[in-house]
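Q:
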Amino acid sequence: TCRQLTMSDWAKEMEEAEQLEYQLPPPVMEYNKDKSIKREISYQRDENGNLFKVSSELQVEVRKLSKSIARRKEWKKFGAAESDGPGPNSANTYPAEEVFLQFVSGRPEDEAEKQADELVSKMPKNVATCRICRGSHFTTRCPFKDRQDSLDVDEQAMPIADTSNASAASAAAANGGVGSSNAGIPIFKEAGGKYVPPGLRQAAASGVGSPVGADKRRDDQPTIRVTNLPEDTTEEDLGHLFNPFGKIQRIFLAKDKQTMASKGFAFITYQRKEDAQKAIFGVSGFGYGHLILKVDWAKPSND
Numbered sequence: 036t037c038r039q040l041t042m043s044d045w046a047k048e049m050e051e052a053e054q055l056e057y058q059l060p061p062p063v064m065e066y067n068k069d070k071s072i073k074r075e076i077s078y079q080r081d082e083n084g085n086l087f088k089v090s091s092e093l094q095v096e097v098r099k100l101s102k103s104i105a106r107r108k109e110w111k112k113f114g115a116a117e118s119d120g121p122g123p124n125s126a127n128t129y130p131a132e133e134v135f136l137q138f139v140s141g142r143p144e145d146e147a148e149k150q151a152d153e154l155v156s157k158m159p160k161n162v163a164t165c166r167i168c169r170g171s172h173f174t175t176r177c178p179f180k181d182r183q184d185s186l187d188v189d190e191q192a193m194p195i196a197d198t199s200n201a202s203a204a205s206a207a208a209a210n211g212g213v214g215s216s217n218a219g220i221p222i223f224k225e226a227g228g229k230y231v232p233p234g235l236r237q238a239a240a241s242g243v244g245s246p247v248g249a250d251k252r253r254d255d256q257p258t259i260r261v262t263n264l265p266e267d268t269t270e271e272d273l274g275h276l277f278n279p280f281g282k283i284q285r286i287f288l289a290k291d292k293q294t295m296a297s298k299g300f301a302f303i304t305y306q307r308k309e310d311a312q313k314a315i316f317g318v319s320g321f322g323y324g325h326l327i328l329k330v331d332w333a334k335p336s337n338d
């Protein structure tokens, strides 16, 4: 019995000696406060049982955190991570998909308008300005040049009295209209000159002339000129468009004699000059029938 006990103790001692031989030394942790470097030394064995040393150095960096983050780090872990040390554990903690947030100061529409304004500001300034439509091109290449030429011709082609038949008309009027089907009515034709109103045609035919200051009063009337009108525009459309700015005294829309379609321009006379000025600022540059209207003061007639 004593021999058996001795043999078992010897076998146990041999087993413990083998375990001590293959047992790894404990890891060593060194910390250098001056350089803020932490050095860790550990031991491992390879497949052949050879012992080798693993040394790693870590740079310690102190970062300041907000109070809320520091308080969360002090929370006690629970569940499967109750016995884990500080920091995450890959066995029971894994990060979810990263979500990137982009903070926008304004609405997307405002940002798009801002980018468009920046592009426009970076574009080179136009060196040419059209005298007709104020566009960024030369006057000779203006697409509305034909309309402007028609406007100038029609302004000069207003009906005036034919003074050659004035004496005959006055004589016929004195005789009570005998011998003439148009007695007492002067003949008006299209020629260069100013427009003679119906109330002054009899005086123009008799050679008496218009009253003193009548031409000046006509020129002082607050009349505006509207150009670039669509062909299907009517006087009623112009009334709806310009009535909100003030009381209108007269509307003249230039039309083609054969098709009776609009020639693209019109004259509108207000009773007050302030209303005409408001109409210029309110309608000029306004989109109407896929066209951009241009409104300015009508040119005074030449004597």
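Numbering (this note's numbering), first residue to last: 36 to 338. Beta carbons: idealized from backbone N, C-alpha and C, even for Gly.
1. Determine the DSSP secondary structure at Thr-294, reduced to helix, strand or coil.
2. Do the segment 286-301 and the segment 309-320 make contact, defined as three or more Cβ pairs closer than 8 Å?
3. Roughly how many angstroms separate the alpha carbons of Pro-279 and Arg-260, rounded to a whole number?
4. Using the DSSP secondary-structure output, state which residues sit across from Ile-104 in a beta bridge.
5. With a threshold of 16 other CB atoms inside 10 Å of the CB of Asn-124, please say whether the residue is buried or exposed.
6. So if DSSP puts Ser-90 in a beta bridge, which residue, or which two residues, is it bridged to?
7. Spatial neighbours of Lys-73 within its chain, please: C-beta separation below 6 Å, excluding the five flanking residues on both sides.
8. In whole angstroms, give me the CA-to-CA distance for Trp-110 and Thr-128.
9. Which residue wins for smallest C-alpha separation from Lys-290, given the options Ser-71, Glu-117, Pro-265 and Asn-85?
10. I think Tyr-305 touches Ile-286, with their Cβ atoms under 8 Å apart; what is that distance to the nearest whole Å?
11. Just to confirm, are Thr-347 and Ile-303 a CB contact at a threshold of 8 Å?
12. Mind checking who Tyr-66 pairs with in its DSSP beta bridge?
13. Out of curiosity, what's the CA-to-CA distance linking Lys-70 and Ala-147?
14. Which value, in whole angstroms, describes the spacing of the CA atoms of Leu-273 and His-172?
15. Just to confirm, is the Cβ distance from Gly-281 to Arg-307 under 8 Å?
16. For the alpha helix (DSSP H) holding Asp-267, just list the boundary residues, first then last.
17. Pick helix, strand or coil for Gly-120, following the three-state DSSP scheme.
18. Look up Thr-174 in the DSSP assignment and say whether it is helix, strand or coil.
19. Under the three-state reduction of DSSP, which class applies to Ala-311: helix, strand or coil?
20. Among Pro-130, Gln-79 and Thr-268, which one has its Cα closest to the Cα of Leu-288?
21. Work out the CA separation of Asp-331 and Gln-256 for me, nearest whole Å.
22. Here's the rule I'm using: 16 or more other beta-carbon atoms within 10 Å means buried, otherwise exposed. How should Gln-137 be labelled?
23. With Leu-100 and Tyr-78 assumed to form a contact (beta carbons below 8 Å), what rounded beta-carbon distance in angstroms separates them?
24. On the three-state DSSP scale, how would you describe Val-134?
25. With respect to the beta strand (DSSP E) encompassing Ile-259, which residues constitute its N-terminal and C-terminal limits?
26. Is the beta carbon of Lys-334 closer than 8 Å to that of Ser-319?
27. Here's the rule I'm using: 16 or more other beta-carbon atoms within 10 Å means buried, otherwise exposed. How should Phe-87 be labelled?
28. Which class does Gly-322 belong to by DSSP, given the choice of helix, strand or coil?
29. How long is the line joining the alpha carbons of Arg-98 and Asp-152, rounded to whole angstroms?
A: With the given structure in hand:
1. Taking the sequence shown and counting its residues from 1, one reaches residue 294 at position 259. Note: Thr-294 maps to coil in three-state DSSP.
2. no
3. For the purposes of this step, residue 279 is taken as residue 244 along the sequence shown, with counting starting at 1. For the purposes of this step, residue 260 is taken as residue 225 along the sequence shown, with counting starting at 1. Roughly 17 Å separates the two Cα atoms.
4. As a working mapping, residue 104 is identified with position 69 in the sequence shown. Ile-104 pairs with nothing; no bridge assigned.
5. Taking the first residue of the sequence shown as 1, we reach residue 124 at position 89. Result: exposed.
6. In the sequence shown, counting from the first residue as 1, residue 90 sits at position 55. The partner list for Ser-90 (beta bridge, DSSP) reads Ile-76.
7. The residue labelled residue 73 in the question sits at position 38 within the sequence shown. Only Tyr-66, Leu-93 and Val-95 meet the Cβ criterion.
8. In the sequence shown, counting from the first residue as 1, residue 110 sits at position 75. In the sequence shown, counting from the first residue as 1, residue 128 sits at position 93. Cα to Cα, the separation comes out at about 15 Å.
9. Here residue 290 is taken as the residue at index 255 of the sequence shown, counted from 1. For Lys-290, the nearest C-alpha among the options comes from Pro-265.
10. Along the sequence shown, one-based indexing puts residue 305 at 270. Along the sequence shown, one-based indexing puts residue 286 at 251. Not really, about 10 Å apart at Cβ, beyond 8 Å.
11. The shown model of the chain, from 36 to 338, leaves out residue 347, and the question about it has no answer.
12. Working through the sequence shown from its first residue, we reach residue 66 at position 31. According to DSSP, Tyr-66 bridges with Lys-73.
13. Locating residue 70 in the sequence shown gives position 35, where the first residue counts as 1. Locating residue 147 in the sequence shown gives position 112, where the first residue counts as 1. Rounded to the nearest angstrom, the two C-alpha atoms are 52 Å apart.
14. In the sequence shown, residue 273 corresponds to position 238, counting from 1. In the sequence shown, residue 172 corresponds to position 137, counting from 1. Cα to Cα, the separation comes out at about 29 Å.
15. Position 246 of the sequence shown, counting from 1, holds the residue named residue 281. Position 272 of the sequence shown, counting from 1, holds the residue named residue 307. Yes, Cβ-Cβ distance for Gly-281 and Arg-307 is below 8 Å.
16. As a working mapping, residue 267 is identified with position 232 in the sequence shown. Counting along the chain, Asp-267 falls outside any alpha helix (DSSP H), and DSSP gives it neither H nor E.
17. By 1-based counting over the sequence shown, the position of residue 120 is 85. Coil.
18. The residue given as residue 174 occupies position 139 in the sequence shown. Helix.
19. As a first step, residue 311 must be located in the sequence shown, where it is residue number 276. Of the three classes helix, strand and coil, the one that applies to Ala-311 here is helix, per DSSP.
20. As a position in the sequence shown, residue 288 is number 253, starting the count at 1. For Leu-288, the nearest C-alpha among the options comes from Thr-268.
21. Translated into positions along the sequence shown, residue 256 becomes position 221. Translated into positions along the sequence shown, residue 331 becomes position 296. Cα-Cα distance, rounded: 14 Å.
22. Taking the sequence shown and counting its residues from 1, one reaches residue 137 at position 102. The residue is exposed, with fewer than 16 neighbouring Cβ atoms inside 10 Å.
23. Here residue 100 refers to the residue found at position 65 of the sequence shown. Here residue 78 refers to the residue found at position 43 of the sequence shown. Not a contact, Cβ separation roughly 35 Å.
24. Mapped onto the sequence shown, residue 134 falls at position 99. Val-134: coil per DSSP, three-state reduction.
25. Locating residue 259 in the sequence shown gives position 224, counting from the first residue. Looking at the DSSP string, the run of the beta strand (DSSP E) that includes Ile-259 is 258-262.
26. On the sequence shown, residue 319 is found 284 positions in, with the first residue counted as 1. On the sequence shown, residue 334 is found 299 positions in, with the first residue counted as 1. No, the Cβ-Cβ distance between Ser-319 and Lys-334 is not below 8 Å.
27. In the sequence shown, residue 87 corresponds to position 52, counting from 1. The residue in question, Phe-87, is exposed, as its Cβ has fewer than 16 Cβ neighbours within 10 Å.
28. Here residue 322 is taken as the residue at index 287 of the sequence shown, counted from 1. In this structure, Gly-322 counts as strand in the three-state DSSP scheme.
29. Mapped onto the sequence shown, residue 98 falls at position 63. Mapped onto the sequence shown, residue 152 falls at position 117. Cα-Cα distance, rounded: 44 Å.
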